[in-house]
Amino acid sequence: MEFLFPQREIACPFPAVCPEPGGVPHYKGWIMKLTCLLVAIGCTGLQLLMANTGKSQELNEVRVSLECRNEPLRGAFTKIEQQTDFRFAYSRKQVDNYSVTLSRGNYTVEKAMELLLANTHLVFRRLNNKIIVYMPDDPAAGGAEGAAEQSGGTIHGKITNDKDEPVVGASLMLKGAGPKGTGAGTDGGYSLTGIAPGKYQLQVSAIGYQNIVRDVTITEGQTLELNFQLKAGGNALNEVVVTGYSRQNKRDVTGAASTVSAAAIAESPVTTVESVLQGRVSGVTVDGQGGPGNSQTIRIRGVSTLGNNDPLYVIDGVQIRMGTGSTSQNISNLLNPGEIESITILKDPSLIALYGSEGSNGVVVITTKTGKIGAPRFEYNAYIGWQDPRKLPSTITPQQQANALFGSFRNANMAFPYQNFYDTSSGTPVLPDYIIEGSVTNLGVKTGDPRADASLYDNATYRILQANKAGTNWWKAMFKSAMTENHQLSLSGATDKSNYAITMGYLDDKGILLNSYFKRLSLRVNTQFKVKPWLRIGENVELSYTTQSTVNRNATNEIASLYMLSPLMPKYDIAGNLAGTNKALILGNTGNPYTSRVNANSNKNYNQSIVGTAYAEAEPIKGLVYTNQIGFQFFPNEYHSYTPVENQEPIPAPTNIVYEGGSYSTDWRWLNKLSYTLTLAEIHKISAFVGYEAREFNYRSYGGTTGNIGFPSANTQYLGNGNTGSGAPYVPTVSGGGDKVTNASYFGNVTYSLMDKYLLTGTFRRDGSSKFGPARQYGNFAAGSVGWRLSSEQFMQNIGWISDLKVRASYGAVGNDAYCSGCYLAILSGNNFGPYDLGGTNTSSLSGYYPYQLPNAALHWEAGHSTNIGFDAAVFNNSLTVNFNWFNKETHGLIYAPPSSGTAGSALPAYENIMNFTNKGIELELGYTNHIGKLRYDMAFNISTYKNRVNFINGLDSAFIQGGQFGSNGATYLSRSTVGKAVSSFYGYEYEGLFQNASDLANHADESSLGITAANGLGHVKYKDLNKDGVIDAHDETYLGDPNPKFSYGFNLNVYYKNFDIGILLQGVYGSKIFNYARTLSQFPNGAVTGQGGLSPAALDTWTPTNPNAKLPIFSQDLSANDLSPSSFFIESGSYMRVKNLQLGYTIPNLKGVRRLRVYVQAYNLITFTHYSGIDPEVNDGDPHNLGIDYGTAYPMTKKYLLGVNLGF
Amino acid sequence: MKKSFYICLVLMVLLFGACKKSFLEVAPQGNQVTLEKFYNKAGVQQLLIGAYHDLTGIDVKSTWWGTSGTNWVYGDITSGDTYLGGTGGNGNPHQSPDALNIANFKTLSTTNFLDDKWTADYDGVARANTVIIAAGKATDMTDAQKEEAVAEARFLRGHFHFDAKKMWNNVPYVDETVTNFSKLSNTEDIWPQIEADLRFGFDHMLETQPLAGQANKWAAACYIAKCYLFEQKFAAAKALLDTIIANGKNSQGVKYALMPCYHDNFDVGTENNSESVLQTNFSVDITSLPNNANLGETGVSPVGTAADVTYGYWKQPSFNLVNAFKTDVNGLPMLDASGSDTSNVSNMKNDMGVTSVTPFVPYQGTVDPRLDWSVGRRGVPYLDWGVDPGADWVASQPFGGPYVNIKNMFRQSEQDAGFGGIISAYYYVGNSAVNYNIIRYADVLLWAAEAEIEAGSPDQARTYVNMVRNRALTGCTVDVDNSSGSPSANYFMGLYNTPWASKDVARSAVRMERRLELSQEGHRFFDLVRWGIADTYLNAFLTTEKTRGVGSILSTATFKKGQHEYFPIPLQEIILDPSLKQNPGY
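Structure (structure tokens):
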């Protein structure tokens, strides 16, 4: 993409607003160009324009509008220079004598020159973009260049970096009487000639380096040699920001955007893009960890909808929306973070508006590396290391477990039902020696009992396990240190006709969870060719192949199951088979996750992806660029699993089962864009583009199961091999589904900059989506922004410590169509909830249909409106940069299907434009670079905060939407969204302590609606009678807290001394709340999904008359007394601070033939400071309904320790 | 202008032309079809089948047990006839505290099963309404055909509303015109609307239907009679029931009659028979897998009857029910002269606390033969699964007692023939194709007996009761097991040969007969409520239970008059429709 829209000056397509110096507008010269523009708009839709200067253009093609009334010849030359890219070279001695008159007209440059010079002795010729004017008989005129060089002075020299390497492409700008600039060549050399004598400011800049500004004075004929050494680190204001379909210099950007550079990415040993961003940019929250290769959630300026809140990713211009349209892809499957050149987060509407509906959650623009002009570069980057779980829960012994269970029945005055498991004849439970699992019940027997006779063992019907009285620590069995390694090779280079970059990566991230892993093999090829002077063609393609085995986040995942598993269970039964629990209550009421994890060795998820773009860019007329771009995404996925008989947890075990399934999605986008840029009178920079984009997404999935495979092993686990075994016959099943979405959009954008001081942008977009009904398919959205660079004003020139200051404001709207395809329609389904055996056959049923989705034909686009006001400043000679934003982001007409009442049946509820809410907040980013002697350092700090508030739900103040579904049938809700509160605010009772005695019970409000009465209430939870009506019921529930943090922050410090470098990144959130409902899994005898298996040590501190200050209520099997109502009892602080990254590197200097060799050691997630009692405060799973709720399903956070190398030559 | 410009221009025009207006018109993918496709005869038929499907109680949001169309959770475990059973432990995803709370009369408005049940009933209503909408717009149907389809749909709508009415009493009525579900009222009595729907069914449904599982006009007539009984309109009930008994036919045109064998009502081989008024036609088939099987009672069967029945341990018959099957010297139920039930003064001998390997001689007293078609007990053959071994087939005697359920359980031969058991990858062991009788003719005869007592002739009532008893005593007893030397069961049963002494005695006899004939068929609790005896009967039952060893799970249960007759309106429904009023006491 580097070449797609090179940085360039911006030209004006609308001459009417670009008066010529004389003040008289001139139109005719533009008519032709405008005509093409209109034709293009009319026939295609459009595209961006950003013209390119320096193209070869013929003197007889370029037209100028001229009128001269007896004025100096030089003045005429200036006018031509103003209207074209041509620059004049002449000797003032020869030219100053002439005055010219030319009638007003529109001339080609060639014609104008002929007329201007007609009455002089001068002649002209063209050399590149120079028009050299000279006296043919002048002694020096033999060399035209010579003639030119003699007029004015010359500056030349070399631009290198602090390692004395040439900085190819660094730019020089001579500020003074009109900009004059050049770029450094492959050797870093540059030359500026024909500089009129005078005082100038020379500015040297390059991406990734700090600017240098130097005053120079040049006299006639002088040749100055000036060499510059650029310092790395860069100046944030000078970075390029890729904005909607174009790129801008950050100093001209009038919206809110944050950038992460390649350098920052390089220092994170992370496998995913999401983790690169954590702690590094303001306004972006990254949360959760789902195991190797799984996505963390990224939220830009908070939750913006109740559906998918994932941002849009734009990789080299290809828009990729994750997690929608049934695709299981996540960004880490597609992209190796090592390929990234830079990441830009677009946060406000003036920037994201151009991406339209897909950008409504913010946009993450990723630019990958491209070749740079010069010799081919080879790089090898790698690290290897290990990782450990940051924290694992502790468990209790089987005897403690049995005692607690026994006590729980005694406390409820209930008979102990497990007398055939634990021997309770002595009054306390005695652990059995063997566990017998049968179809009838589970027994505990002593050694020598005939029922424990090994000859009775049958894996399918009668399993015998030797009880592990010492206790099995399932957490330790399931989690281990794991290796991780990553290798990346790249080759890149460029010539003036083409460039290329090829990157190969291999990642092997073994998860800390048994048999979990993520492997990625990726290959990226970026190339571009300048086929003709006016035509560029290129492509970027990434191929990747990943294999993965990890856990999902559903309520009964293997991690949640671990909390519940009995420590008395051994890993293997007496026959050496993996132990199954028979899903018995006494053993944990769950399958054995250890067993399923060992078997997960044969469960594999294969993801392939091809993501790329191919484009052609033509510039048939100067300034007018037509782009035709095809983006494509192809995601095939394959899943294979095999469940052996011994993993059939409940007895009897029917048969082994193999499942194979897959899906693929294709997503093509076709973009037509026409752009035009121009600069008028040096002070008006205008660019505009119009575009049309079409997109089609297709998805298809299919799968099948079979079972009873004979001689099961890896080579027989195929669908075609069903029922070849001796087990019960297995009826194969098949499944499949699909989706299709189309979008069509028209858009346009104009940016205008006056004297580099006043900046103006306007954007319009008309989006069409197949997801809406015919009358509602299109939505119109617009955005605008203004900026004012105060630092360029005269009155600021004396304030020396301010290098740059820009204030900006923007407002705009974007649409969002993120809901299911065709869901505005009344849809019926004929799946297996429809058929009925109306014929009375008993073995067949007749096809029947039923309402599946309730309709809403009026459903329309959801719109995000936001306002952003901020400033960017650089002070103290650019050493300190400040970036500040205040924003107000409003979501209007949020599309959501609120739960419909059961009275409407069980069809999916209709989608409605139901809700409005706002996220208001501020963001601050500070950057500072300086040095103390030879010790250089830079630091960056960011802090952001937002306040989320619901403003409207269906017009009803009392309305709310429930969230935080919990329980096996999901009928407990832990949070609500309602007017005046944050989305998914916690909701429930206020915890008031435990009932200590009868008078306590008698004096407190009646809790019988929760099953707690005078008869059974001792030691149970006391809730606050908020409405003071003497009864605890639904009216006493209230809002218990906001899951959103008060603020989140990051701090990054890098220090460089000689060849050493050290970097540290701290990251944290403050003021968030967590609903720790994971406690119900292992701290209560009667949780919604609890068995009588595993318990946490916390469960030993329960209420008894002699332990009145216990943390937990009485441990009782009285099911009617429910202590698990959602309440403040479960709410904890989620604040934390992590030492996210600590890195120490050493660069080995002066190796022959080696450009760079650096080795480093690194620790990731080294230390975490938090009071949260669960395994990690990053609990979010990405669902906005589940904000801040710990379901006990999260994969534990890992610590990593790495050794790495960067090698380049 | 250069050549390059024209090339670009031509390309732009060509490419743009490729994009048509229809580009954004995309039909929903997969097995989803828009409603318009059903505006025809075939479509209406398919929607009607979809509406019938909801007789199973298994809809998209179903929790199987909580929504079971057999109502065993609401009609049986609450009635004193049946314990919840199982291990009593909590936390099994399929053994939610909900069921235990319901059995203990601790039902809360937040009890999840209730919301599922509410949704299941109204899903049936919604499906029926969809049939009516589509029939109204169908283009290839005659008016008569439309009327038939609408009549069948309205009949089903009546059924689902009835089911909700008996559960909650105060329920909203939803017809095909309702689109706003957030402002419905439940304060108006909807009996008139239910009756109107059923009446339309009676007037316009066919007498003989093409398909065995379809309801016919007589089914509608019976349902109207059922409404009358619930409304205490005995005279109207009697009149209608007289007509039904005289002329009623099943949907295959066979005159209503009791089947020769009592168990024919619970057997795959004899479904949709002359005794069938309305059955839920369960099936075990790949198409509906597994949702047209009797999922609502999956696991209700004893754990040991088949190697592949794993959930099976619920709905265990109570001591109280089993005792009721004892017969006196005349072979009649143990009612004293005043009609009071004396069967529960002492327990029938049972194997509580006796392991399966310890020898055990079953009760030798006389019993009604229907006992062993209804209750699995130690020593007696359990259908064709073999002799019940007692404790080994029970998950937990301390929680569920020594007995196991038989009603609606499939035979081993039926499982072998594919009418039950495991299908495919699913653990839906215990899937059953055995139909459930929503209304059967014996039920109708006993209604008639009730109506006669209240608004006609007690002797005619006695005739009806004797019809039912006669079939039980003449038809097909279980082959008792004599292997231990003494027969495992001693069947002796007689008819009421003398007129009942009083109306009260008559009522007692009829009510006892309903209990014995229809035990564990999901009716008992609703009968107790409509008879107005739920509080006295159930509190007496609960008092006795506390002495019976399984009492701990019921030890804190009390039936509160004026509250527990009806279930609480699910809180979730009130949240979503604040205009719904909660039932008294909740």
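The listed protein sequences derive, respectively, from chains S and X.
Residue numbering for the first sequence is -12 to 1196, as defined by the working numbering.
Residue numbering for the second sequence is 2 to 587, as defined by the working numbering.
For every residue, glycine included, the Cβ atom is placed at its ideal position computed from N, Cα and C.
Fair warning: this is a prediction, and the values are worked out from it, not measured in the lab.
(request) Could you tell me whether the stretch 486 to 500 of chain X touches the stretch 271 to 290 of chain X, where touching means 3 or more Cβ pairs closer than 8 Å? (result) no
(message) Is residue 355 of chain S a contact residue of the ligand FMN, with contact defined as CB to any heavy atom under 7 Å?
(response) You won't find the ligand FMN in this model; it holds no ligand whatsoever.
(request) In the DSSP assignment, find the alpha helix (DSSP H) that holds residue 926 of chain S and state where it starts and stops. (result) Looking at the DSSP string, residue 926 of chain S is not in any alpha helix (DSSP H); the run it does join, the beta strand (DSSP E), is 922 to 940.
(message) Would residue 1084 of chain S pass as an interface residue toward chain X - the criterion being a Cβ-Cβ separation below 8 Å?
(response) At least 8 Å separates the CB of residue 1084 of chain S from every CB of chain X.
(request) Examine the Cβ distances between the stretch 197 to 216 of chain X and the stretch 149 to 161 of chain X and report whether three or more of them are shorter than 8 Å. (result) The stretch 197 to 216 of chain X vs the stretch 149 to 161 of chain X: in contact.
(request) Using beta-carbon positions only, say whether residue 421 of chain S and residue 454 of chain S come within less than 8 Å of one another. (result) Yes. Within cutoff.
(message) Need the endpoints of the alpha helix (DSSP H) that residue 83 of chain S sits in, please.
(response) It is not in any alpha helix (DSSP H) - residue 83 of chain S carries neither H nor E in the DSSP assignment.
(request) Enumerate in chain order the residues of its own chain whose CB-to-CB distance from residue 808 of chain S is below 6 Å, with the five nearest sequence positions on each side excluded. (result) 726, 728 and 758
(request) Run down chain X in chain order and give the residues with a C-beta less than 8 Å from the C-beta of residue 1100 of chain S. (result) Those within 8 Å of residue 1100 of chain S in chain X number zero; the least Cβ separation is about 16 Å.
(message) Can you look up residue 891 of chain S in the DSSP assignment and give me helix, strand or coil?
(response) helix
(request) Please report how far the alpha carbon of residue 1045 of chain S lies from the alpha carbon of residue 867 of chain S, in whole angstroms. (result) 23 Å
(request) Please classify residue 508 of chain S: does DSSP put it in a helix, a strand, or coil? (result) strand
(request) Assign residue 1093 of chain S to one of two classes, buried (16 or more other C-beta atoms within 10 Å of its C-beta) or exposed (fewer than that). (result) exposed
(message) Counting only beta-carbon separations shorter than 8 Å, does residue 489 of chain X have a partner in chain S?
(response) no
(request) Compare the beta carbon distance of residue 395 of chain X and residue 382 of chain X with 8 Å and say whether it is the shorter of the two. (result) no
(request) Per DSSP, which residues does residue 202 of chain S bridge with? Please list them. (result) S/188
(message) Does any residue of chain X have a CB that is nearer than 8 Å to the CB of residue 593 of chain S?
(response) No, because no Cβ of chain X sits closer than 8 Å to the Cβ of residue 593 of chain S.
(message) Taking the straight line between their C-alpha atoms, what separation do you get for residue 362 of chain S and residue 494 of chain S?
(response) 28 Å
(request) Within 10 angstroms of the Cβ of residue 1165 of chain S, are there 16 or more other Cβ atoms? Answer buried if so, exposed if not. (result) buried
(message) Is it buried or exposed, residue 108 of chain S, if we count other Cβ atoms within 10 angstroms and call 16 or more buried?
(response) exposed
(request) Look up residue 1196 of chain S in the DSSP assignment and say whether it is helix, strand or coil. (result) coil
(request) Work out the CA separation of residue 1173 of chain S and residue 573 of chain X for me, nearest whole Å. (result) 19 Å
(message) Determine, for residue 236 of chain X, whether the minimum Cβ-Cβ distance to residues of chain S falls below 8 Å.
(response) no
(message) Classify residue 620 of chain S: buried if its beta carbon has 16 or more other beta carbons within 10 angstroms, exposed otherwise.
(response) buried
(message) Give me, in chain order, the residues of the same chain whose beta-carbon lies closer than 7 Å to that of residue 459 of chain S; leave out the 5 immediate sequence neighbours on both sides.
(response) 554, 556, 557 and 558
(request) Establish whether the CB of residue 1089 of chain S and some CB of chain X are separated by less than 8 Å. (result) Taking a beta-carbon distance threshold of 8 Å, residue 1089 of chain S does not count as an interface residue toward chain X.
(request) Could you say which of X/76, X/51 and X/116 lies nearest to residue 316 of chain X if we only look at CA atoms? (result) X/76
(request) Please confirm whether residue 1011 of chain S and residue 1023 of chain S have their CB atoms less than 8 Å apart. (result) yes
(message) Taking 8 Å as the threshold (C-beta atoms), are residue 468 of chain S and residue 535 of chain S in contact?
(response) no
(message) Rounded to the nearest angstrom, what separates residue 447 of chain X and residue 1067 of chain S at their Cα positions?
(response) Distance between the alpha carbons of residue 447 of chain X and residue 1067 of chain S is about 49 Å.
(request) Kindly list, in the order they appear in chain S, the residues whose Cβ is closer than 8 Å to that of residue 65 of chain X. (result) Simply none; closest approach about 10 Å.
(message) Quick check: residue 327 of chain S and residue 252 of chain S, are their CB atoms within less than 8 Å of each other?
(response) yes
(message) Please identify the residue among S/912, S/935 and S/945 whose C-alpha is closest to the C-alpha of residue 929 of chain S.
(response) S/912
(request) Kindly confirm or deny that the stretch 280 to 290 of chain X and the stretch 245 to 265 of chain X touch, where touching means at least three C-beta pairs closer than 8 Å. (result) no
(request) Check whether the Cβ atoms of residue 293 of chain S and residue 883 of chain S lie closer than 8 Å to each other. (result) Cβ atoms of residue 293 of chain S and residue 883 of chain S: closer than 8 Å.
(message) My output table needs one value for residue 477 of chain X: the three-state DSSP class, helix, strand or coil.
(response) DSSP, read as helix, strand or coil, puts residue 477 of chain X in coil.
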